[in-house]
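Notes follow once the structure below has been shown.
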Ligand SMILES: *Cc1c(COP(=O)(O)O)cnc(C)c1O
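In my numbering, the protein residues as written are 30 to 454.
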């Protein structure tokens, strides 16, 4: 089966004259249309806000596009907070959803006025000690344990996840926070990842809305918002049906009107912290075939490697591959598509049926817009690629340059011997 690319062979041949492969390229048009659809799907909720999960694609140019639609940032680390601050995103536009959080990160989050989402009941005391007193608004991350299922399908295993408060701890935590003067409460949960079904959010919402009603009744806490977090997935495989965000928004509304409105909680704001859904399909890794190898298997060697996209090596994740210009050629050749790391798991695809590939072909690895560039590392001394933005008018903007050896050697500044290397490009 085929998957459409948002760039053509002709466009790529033009782009590589300025920006050599490999690079990640993002589709501004797709990002805008999707963000608009998300906003419309939840327009029924007055306080609705998407806090983009910065870790998915920490690029200020892309986050600035989301800003135009009123999105904030979901941060989980010191530098993600710095990035938001540098972009002028502060205060209630930042959700700080961290775990195992260092002192310095809570300090910066509080300084920026971010809404802090506590991951553990012991963090109440930890935070109070750091800040002197608690903020007026706080959120708690919930983990009910067990399995998260839709009907008979097990979607994920929260019981095995390190995150969040247990049910009892939520009640206990809310009581303690209330005594300590917290006035507005949030509830957060992330119970299944990359769900390609319209049922995930409504099922999660029902669970959290019912919990919210009980928490309000038993502790008297004012629940200001419920954060459905991330987890809406994307169809990495061409035979998967994409989520319909309009249906998801409507189904969440239905549960809201069934559970929250009758409990006198019709003013609760709905928040989301989507990452993958916002950017995943609108990014692609473009790479060039530089070798072919015929041994025990047929190998296609490309100029990208797991440093540029780690998901296949790390989770065996599927990313669809299109050989540009050969979209209509039958996929009658079986290849392993490999990078150049000295690790046998550095393969973008294993036993993948593709059209006959030649050296010099450009290959698009689909759906790298989230958790793609961001997961990059420098193993084997390989350097991270550039990021490009394809504007709606067809022009291309460099939104992050490729790393150079100078970047790689920059952290050796205590050793004079490396000064020469740091000068080199
Ligand atoms: C990773 C993460 C997200 C985003 O998850 P996606 O699967 O990209 O939607 C949101 N919130 C928290 C706390 C996360 O850790």
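Here a beta-carbon is modelled for each residue, glycine too, at the ideal position from N, C-alpha and C.
As assigned by DSSP and simplified to three states, the class of residue i
i	result
residue 426	strand
residue 61	helix
residue 340	helix
residue 315	strand
residue 82	strand
residue 380	strand
residue 324	coil
residue 406	coil
residue 146	strand
residue 348	coil
residue 185	strand
residue 124	strand
residue 38	helix
Beta-carbon contacts of residue i that lie in its chain and below 6 Å, excluding the five residues immediately before and after
i	result
residue 276	227
residue 66	274
residue 340	346
residue 335	342, 368, 370, 375
residue 413	405, 432
residue 399	85, 86, 304, 305, 308, 309
residue 390	318, 352
residue 77	71, 299
residue 254	215, 298, 300
residue 209	163
Cβ-Cβ separation, residue j to residue i (assumed contact under 8 Å), whole Å
i	j	result
residue 362	residue 393	Their Cβ separation, rounded to whole angstroms, is 17 Å, which puts residue 362 and residue 393 out of contact at 8 Å.
residue 260	residue 224	6 Å
residue 337	residue 293	About 51 Å separates the two Cβ atoms, so there is no contact after all.
residue 167	residue 211	5 Å
residue 384	residue 358	4 Å
residue 131	residue 145	Contact doesn't hold; Cβ gap of about 13 Å is too wide.
residue 75	residue 98	Residue 75 to residue 98, Cβ: 16 Å. No contact.
Residue nearest to residue i in terms of C-alpha spacing, selected from the options
i	options	result
residue 281	270, 297, 268	297
residue 72	278, 238, 399, 165	278
residue 407	437, 160, 64	437
residue 325	93, 364, 377, 435	364
residue 86	434, 60, 254, 360	60
residue 472	90, 88, 116, 81	With the chain covering only 30 through 454, there is no way to say anything about residue 472.
residue 377	359, 384, 397, 389	397
residue 89	424, 441, 416	416
residue 162	355, 173, 136, 428	136
residue 104	134, 91, 75	134
residue 45	314, 289, 96	314
residue 42	395, 288, 354, 99	354
residue 430	418, 379, 287	418
residue 33	423, 388, 356, 180	356
residue 31	402, 348, 116, 39	348
residue 96	116, 108, 106	116
residue 36	423, 440, 179	423
residue 344	289, 320, 401	401
Contacting residues, own chain, Cβ-Cβ under 7 Å from residue i (five flanking each side not counted)
i	result
residue 128	148, 191, 192
residue 233	218, 220, 257
residue 176	183, 186, 188
residue 252	214, 216, 241, 244, 245, 294, 297
residue 409	370, 371
Contact set for residue i: own chain, Cβ-Cβ below 8 Å, skip 5 residues either direction
i	result
residue 171	193, 194, 196, 199, 216, 217, 218, 237, 240
residue 202	147, 150, 153, 169, 194
residue 94	57, 60, 61, 64
residue 284	231, 234, 235, 238
residue 249	207
residue 204	248
residue 360	382, 383, 384
residue 350	366, 377, 378, 381, 383, 392, 393, 394, 395
residue 159	132, 135, 136, 139
residue 119	113, 141, 142, 143
residue 38	353, 354, 391
Is the number of C-beta pairs between the stretch 42 to 54 and the stretch 258 to 278 that are closer than 8 Å three or more?
no
The stretch 360 to 377 touching the stretch 298 to 310, judged by at least three CB pairs closer than 8 Å:
no
Counting pairs of Cβ atoms below 8 Å between the stretch 136 to 146 and the stretch 115 to 125, do you hit three or more?
yes
Should the stretch 108 to 119 be called in touch with the stretch 321 to 335, which here means at least 3 C-beta pairs below 8 Å?
no
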